[in-house]
Every structure is written in C-alpha cells, then in structure tokens.
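If you read the sequences in order, they're chains A and B.
In this text, residue positions in the first sequence follow the working numbering: the first is 26, and each later residue adds one.
In this text, residue positions in the second sequence follow the working numbering: the first is 6, and each later residue adds one.
Encoded as structure tokens, the structure appears first; notes follow it.
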Amino acid sequence: MTARPQSALDRDGPGSRGATSSGALVEMRGITRNFGDTHALRGVDLTLRGGEIHALLGSNGAGKTTLVRILAGLDRPDAGTVDLLGRPVARFDPKALRSQGVALVQQHFTLVPTLSASQNLVLARPEGILIPGARAARDRLNTLIEYTGLSVRDDVPAGRLSVGEQQRLELLRALDADARVLLLDEPTAVLTDQEAETLLNVCRTLAAEGRALAFITHRLAEVFDGADRVTVLAEGQEVISDELVADHTRAGLASAMIGQEASGTFTDRSGRSSENHVARRLVVSGLSLGRLEAIDLEVAGGEILGVAGVDGNGQFDLEAAMSARSIPDAGSVAVDGMVLEAGNPRHRRAQGLAYIPSDRYQFGLIRAMELADNLELGRVPRWRERRAARREGSVAALDHWNVQSAGPAAQASTLSGGNAQKLVLARELNGEPRAVLACYPTRGLDPNAADTVAARLVSCADDGAAVLWIGAELDELLAVSDRIVVLAGGSVVGPFFPPYDRAALGLAMAGEASDDQP
Amino acid sequence: MTATVTPTEPAEETPGLLARIAHRATAGGPINQVLVPLAAVVAALVVGAVFITFDGSNPLLVYREIVSAVFTGRRGFSDTATAATPLILIGLGYAIAYRARVFTIGAEGQYLVGAVVGTAWVTAGGISDMPRFPLIMSGLLLAALGGALWSMLAGWLGVRFGANIVISSLMLVYVAEAVLAWAVRDGIKDPDSFVNQSRQIGPATLPDLPGTSTHIGFALAVLLVPVAAVLMARHRGGFRVTAYGHNPSALDANEVRSKTVVLLVMVIAGALAGLAGMVETAGVSGRLGAQASVNLGFEAIIVALLGRLNPVGVLFAGLSLAGLTIGFESAQREFDLPSSLVGVITALIVVFVVVGDALASRGKEAA
C-alpha cells in the first residue's frame, strides 16, 4: 500500500505507459469452452500487457464473462492454453490464480451482506493468521478510499449499501489484493457518469504502475476514454482482436459488436407532444424510508419522469417502498387515486403498477425456477394449471418478447442478461400497466437489448402509462424523459424540463451528494 | 437506513449443512430422485453386513429374516404400516418446510405437545362421553392445532427477532418434554394409577382398518400424501413455498411478505407433527406416558431427506424405514444382535445419501 502514490490520480496518457510495460502478463491462446450445446468460446486469443488497459466488447452472450472467469480460475477451458507471467497455467483454481496476482471483480456481487465494508475487505485478505482488528480494517479501507476516490460507507452492513456502493466496495477489495492482472466485468454498469469517470481514472493510474487491466463494458465512450486496446467478441469468436483503440471509430466498434450499423442509441422523445397526459396517474406523497425524506412525485399518464442522481442517495429506498417490497416509514403511493397497500406487492400489481427491479436476479426472477413459473410470479392464481399447460401458455409471451431460451421449461438461470431482462418485461408489461416503476432497466445490457427495452418502455408511456424511470446513465435519461428530477441526499431536486441543462443537472447531482457523503 | 433496520431475514443465514443437503436433494433429475436413495439404502445394508459379520452372524441369513418378517410375517405389513404412520405424517411437514429452506427440526416437541393437548381433550371429564366419531376428530384437530402453535412459536421468533429456526425449534423440544412430564405427573394424570400416565383414551382409540390390525391413522397419512403433492404442485401456496426456498427477496417484491411463508410452513409442519402425536397415542399406546418421546420427530428428518422432500417420496421412505425397523426387531430376537444396529444402518443411509447427492451434483457439473 505504502508504495502507491497517495497524490491525486495520475492522468498520464497512453504514451508514458509503455515505459513501465514489461510485455505480456497474460497470453490466452485458442480458448474454447462449451456449455452443453452452447459454444460460449470458440478459439479466442487474448493478450494482456502490463501498463495497458484492454477493453472487452460484445453483446450479451458473446462470451466475454466466460473468458475472464477462465482467467480468474472460476471456470476452465475445454481447449486452449493460458500463460500467466510467462508460465502456463496448469490448474484453473481461483485461489491459486489469485495468489499469482489475478483479481476479478464480478458483475454480480460477492460480498458478505452482514459484514461491514472494512470487514469484507480484511476477510478477503487477512494478512496472517488473524483477521485485523476493527481499527486496522477501517484504516485499510480509508487508505484505499483516499487512494482511489471511490467512497463507501462503513457504518452499515454491506448488504444494506446501495448497488453502486457495493460495486465500489467490490472494486476496492480487488485493488486491496494489489493484483498484477485486474479483470473488471462491467464495472461501470451500475455507476453514474461521474463515478464511471473516476473509476477509469483509477484504472489509468493502476495501469501506469505496470499492471495489466481488462474490463468488460457496453459503453463505447469508456473504451475511447480509458482503454488502449480492444477486443470485440461476437458469438464466442473474435471480430476485432487485440487492436489499438486509436485505430477505430465509435461507429466501427459499435457495428462490430452488434453485427450491424449502430442505430440511434435510444428512442428520442424530445419532439413528442404532451397533450395526451392524464394528470396525476402515479402519485408519491411524503414517502419516507431509510435515506428517503418525505419525497413527493407526480407522474402523468403518458409521461416518462426520469429520476437522475448518484447511486446511494435514496434510489434504493425509493425502489423498495414503491415496489411494496418494504413498508415505508411514512407516506404513500397511489395509482389513479387508489392508494397502494404498503408491503403488498400483489395489490400494487392489481392496481396496475408494474415494477422492473434494479437487480433483476434478486428481485425480479427466481433463477432456480423455470421460465413459465417466473412469468407467473406476482400473479399466481389460487389454483395453478397443470405444468404442461403452464409451459404451453407461456410460449406466446416468450416469443412476443423475443426471450431467447431453451423453452419455457428452462431455468431462468440459463438466460443471458438481456434475455433475463426481457423475461422480466414480458411479465411486468404484459396486460398494459397503468404505471411503471423502472429501475435501471437497461443496466448491463448490450446496446441492442438496451434499445429494445427503452423502446418498450416508451411505447408503454405512449399507450398512456405513467413511467417513473430511475436511471444512472444521464444520456439515456435525457433521451427518454419528458421531465427529470434529481434524487440527492434523499430529497428531490427539480424538476428539469427539456431542453435539459446538463450543467444544472450535474450540479444538482453532485452538490447535494457531496453533503451526504463525507 | 440506520435507525430503521429491519430484522435479518432467516433465509439470509449462512447456508448450513442441512441447507446444502436439502438443496442437493431437490436439485437433480430422476437419477438423483430415485437412484441416490436406493443406492444409499443398498450401500448401508452392505456396510451393515460387515458389522453383522463382526458380530458373529451370517448377514445373508439376517437379511433374509428381515425380509420374511416384513413381507411374509403374520403382522409384518400391518406393523410396518403402523410404524410408518407417524414418520410419514411428520416427514410430509418437514418436506414442505425444507422445500422453503426453513429448517425446523423441532417436530419432536410439536408431536409431544399435540399428544398432550389431544389426550387432555379426549380424556377430560364430560368430553370423553361424546359420540366416538366427533371425539376422535376433535382430538386429532386439537392435537394438530397444539403442534401448529408450538411450531409457530419458533417461526415467530425467527421472523420477528431473526432467531435461528434450527436452534429455536430444537430448544422448544426440551420445553415440550417438560410440558409432557408435567402433564403426566400432574395435569392430566390418571388419578387411579400409581405410574405417571394419563387416563386410558378409551372411546377415542382409533379403530383398525377393516380386515387389518393397522389403525386408520395410516389411511390418514397415506391420504395426506396426494393432498400435499397436489398442493405443492398446483396451489399458490405451494408455489410460494418453493419460491421462498430459492429467492425470498423476489417473493417480497412480487408476491407476498415472505415472512408469512415462513409462518405458513412452520404451521403446516407443526400441525402434521401434532397430528402424528395424537395418532400415535390414540392408535398405538392408548394412553400418554412419560416415555412418549421416542424421537420419531428426528427420525422423520431422515424420511423427508430420503424422500427427496417429495410427498410421494416421503411415503416410500417412511415405509422403508419402518420396514427396516420392524424387520430388524425380528432379526434381533432371532440372532441376538445388538439393538443399536438398526440405528447404525439408518445413520449409514443418511451418510450415503449425502455422499450420493454430492457425487451426483459433481457428475452433473462435469457433464
């Protein structure tokens, strides 16, 4: 730790990084991995060099995650070789590879939910026989926070941190091990733009120290901001292999990724008239829970209200209270004048408020149950049909929402991220909801899938639904929202109307947030 | 977020051994469902044969005696059915609770409380004069109610205070044993008896099934198997139980407060255990004594796991375990074997089921 610079983040350009480069730290050759009949990887090469940041691009299901999981020892290749620091890897074992300096930050969190941030940190790397005491642990956490600029609260169990904070903690934990090879699986998916930029700066600093970094992303901007080299995967094969980012254009990479010319990123609604708005369709009054301090919101029918803000400013509590997952301390949610029963999700749904959760695997789906069962979640009749009939009945919905799967009997855990989200939409948006609570609905999806999801929500609003869209990507919110409010420190700032003043939004997000996170 | 921390959900506890065993018991396909338990029984009998040889008997003769005692003996079938009845009833409750990954192990206590409540009712002055049918029915119902409340206490401690249900349900077994001891010494003691026991159940005794010497409790247990199977497969409650076992948060966000599911399965498991207590008292012993606790509530855990947490499986597992017990009792007399042998074999079955499940899940991952 002490060897690291404690100063502000190093902003050296790519040119200076070559100096510390000591050639390839990782050489993966001809990696092949099959899962049953699915070919996740078909002979993929990947080279990671010290001092460089390597971006891995590709649509959902292209094999990116499988590739980094193999390198981290969480999976093994069916064919191909991996050389780490010049020596071939014989055993794909996470512990062994971690001790050789490979660290992976997974897309889904691996924290101990009942322990605090610092406890999670020292548990992963106890340094000796005993786990360091509370003060030593806090010091270690604070040093890391200071060094990276990634803030995490230490006074609550990790399970109660917001998704963004948990992500930051995952990253801090990986950095704590002082890895030579750092793999990040969609590290910015849950971060706001500013947080993502901070993270990329941290990555540059780490690369400048001679480490090799690889990150998976869906955001092209980050590739051009942060990465030196890029590999694009499509259906388990390389489309672009280990080339300099500088040699490519955004449009070129985007089309390589999705196999076609990139369309406009998101459905643009700026020209839409607001005549058909039915006033006060979805009304939140005096809602308080956790960080949330008596907030009021009103969404008209046909309107999309964007909720922007830095993660951890009450978004999680807003979602929990509005979805009826938790019972608020005070306040209520009403759809068309009908107040929803607190803590009764079936009543919420019966009143027409659909819910697209921020964490689809925790709150939206039951991974160990089949697709047909997942489609019934929240609307299970007292007596269910026979299993065969249930499966047959769900085929139409799966087709209509283009959920690519092995059929309704497949487990939800077999779906890729984009298809899992489509499954959630198939259930939630079926039957024309009167209002929609959409929490980070495009998180972690490839541009194509994100576009589909956004378009579906927009058409929902066009059909008269009141849509509350909690988002982290500002560009996306600007494109889809009729109105934007900022959630900062548990309170609502705004509303802001188009044309949006990015600076004002940014100030609202940052100004209040800094009060809240010392 | 600091002041209003809700209690920890019981399901967020670190998965223990029981959780892993339960998970694997329901994870696989037909191989796991049928082959693993069968292979485990065979393997346990093979190892048991070694022990029998050490003891100086010919294991083949012993096993032949067991088979003939159960299948050709005069009372083999009816004794097996009688012995299986409480195992099936309690095992069904465990199977449903474990489907929800709610690991109650306190059926023994619920069984005793059910027996005490039911016996107290049917032997009470004024009540015991009721016509036979309503007397039996009300006795069984009250026993189920008693067991359900006893079980719900552990469930409530879990959802309200985050108490570990494994531990609180087990601790309540000891309290129930104290309740039984008090009841037979004082509360419902037969005043004409010198021993600590209740009055004769008399008119509330369960009649035998026509043409057999098995009481109708067995028919009740068998009847409840398809009922439980259909409820689990087709009723909303069954869906919620299964869903809670896999992802309580998704249930909270979409269906129902997940705590109600914990209470539901605890009530069901407790009611079935309480029912078993009264069925055993009214069907077999005829009165409640101080020695009513014979650990059926713990043996039924094995029945539930061996039956793959599946009602039909529980029926077969209950009958198999009961058959082993009855067969070994006969073989013990014949060959002068140690009485602990059947316990050893049962324990071996558990070990081999766990090993078999582990091997099966490993095979599946490699495939």
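Even glycine gets a Cβ: it sits at the ideal position worked out from N, Cα and C.
If only uninterrupted alpha helix (DSSP H) runs of at least 4 residues are considered, those enclosed by the segment 291–345 of chain B are 301–311, 316–340. Non-local beta-carbon contacts of residue 455/A in its own chain, meaning distances under 7 angstroms to residues more than five positions away in sequence, involve 422 in chain order.
The shortest CA-to-CA distance from residue 233/B to any of 52/B, 116/B, 99/B, 361/B is the one to 99/B. With contact defined as three or more Cβ pairs closer than 8 angstroms, the segment 295–304 of chain B and the segment 146–160 of chain B are not in contact. In the structure shown, the three-state DSSP call for residue 113/A is strand.
Residue 401/A belongs to the set of residues whose beta carbon lies under 9 angstroms from a beta carbon in chain B. Setting aside the 5 residues that flank it on each side, residue 58/B is surrounded in the same chain by 64, each with a C-beta closer than 7 angstroms to its C-beta; the list follows chain order. For residue 108/B, no CB of chain A lies under 9 angstroms from its own CB, so it is not counted at the interface with that chain. In the DSSP assignment, residue 419/A falls within the alpha helix (DSSP H) that extends over 412–425.
Residue-level contact check: residue 405/A touches chain B, since one or more beta carbons of chain B fall below 9 angstroms from its beta carbon. Under the three-state reduction of DSSP, residue 404/A is assigned to coil, being neither helix nor strand.
Residues of chain A whose Cβ lies closer than 7 angstroms to the Cβ of residue 204/B do not exist; the shortest such Cβ separation is about 43 angstroms.
Residue 135/A is classed as exposed because its beta carbon has fewer than 16 other beta carbons within 10 Å across all chains shown.
The distance from the Cβ of residue 495/A to that of residue 344/A is about 7 angstroms, consistent with a contact at the 8 angstroms cut-off.
Residue 436/A sits in a strand when the DSSP states are folded into three classes. Here residue 174/A has 34, 223, 226, 227 as same chain residues with Cβ atoms under 8 angstroms from its own Cβ, once five neighbours each way along the sequence are excluded. Uninterrupted alpha helix (DSSP H) stretches at least 4 residues long and entirely within the segment 241–286 of chain B occur at 241–251, 253–259, 263–285, given in chain order. Around the beta carbon of residue 154/A, fewer than 16 other beta carbons sit within 10 angstroms, so the residue counts as exposed. Within chain A, the residues whose beta carbon sits less than 9 angstroms from that of residue 261/B are 369, 370, 371, listed in sequence order.
Under DSSP, residue 106/A shares a beta bridge with 54/A. Of all residues in the segment 152–185 of chain B, none is placed with a Cβ closer than 8 angstroms to any Cβ belonging to chain A. Among the residues of chain A, those whose CB is under 8 angstroms from the CB of residue 254/B are 350, 387, 388, following chain order. In chain order, 398, 401, 405, 409 make up the part of chain A whose C-beta sits under 8 angstroms from the C-beta of residue 244/B. With a minimum length of 3 residues, the unbroken runs of beta strand (DSSP E) contained wholly in the segment 329–380 of chain A fall at 329–333, 355–360. One Cα belongs to residue 86/B, the other to residue 409/A, and the distance between them is close to 33 angstroms. Per DSSP, residue 483/A is one residue of the alpha helix (DSSP H) stretching across 472–487. DSSP places residue 209/A inside the beta strand (DSSP E), whose first and last residues are 206–210. About 5 angstroms separates the beta carbon of residue 206/A from that of residue 237/A, a gap short enough to meet the 8 angstroms contact definition. For residue 256/A, the enclosing beta strand (DSSP E) covers residues 254–259. Interface with chain A (9 angstroms Cβ-Cβ cutoff): residue 313/B is excluded. Scanning the segment 65–133 of chain B for uninterrupted beta strand (DSSP E) segments of 3 residues or longer gives nothing; none is fully contained.
Three or more pairs of CB atoms, one per stretch, sit closer than 8 angstroms, so the segment 76–90 of chain A contacts the segment 250–257 of chain A.
Closer than 9 angstroms to the CB of residue 391/A there is at least one CB belonging to chain B. A direct Cα-Cα distance of roughly 12 angstroms separates residue 315/B from residue 32/B. Residue 274/A is classed as exposed because its beta carbon has fewer than 16 other beta carbons within 10 Å across all chains shown.
In this model, residue 417/A and residue 319/A are separated by some 46 angstroms (Cα to Cα).
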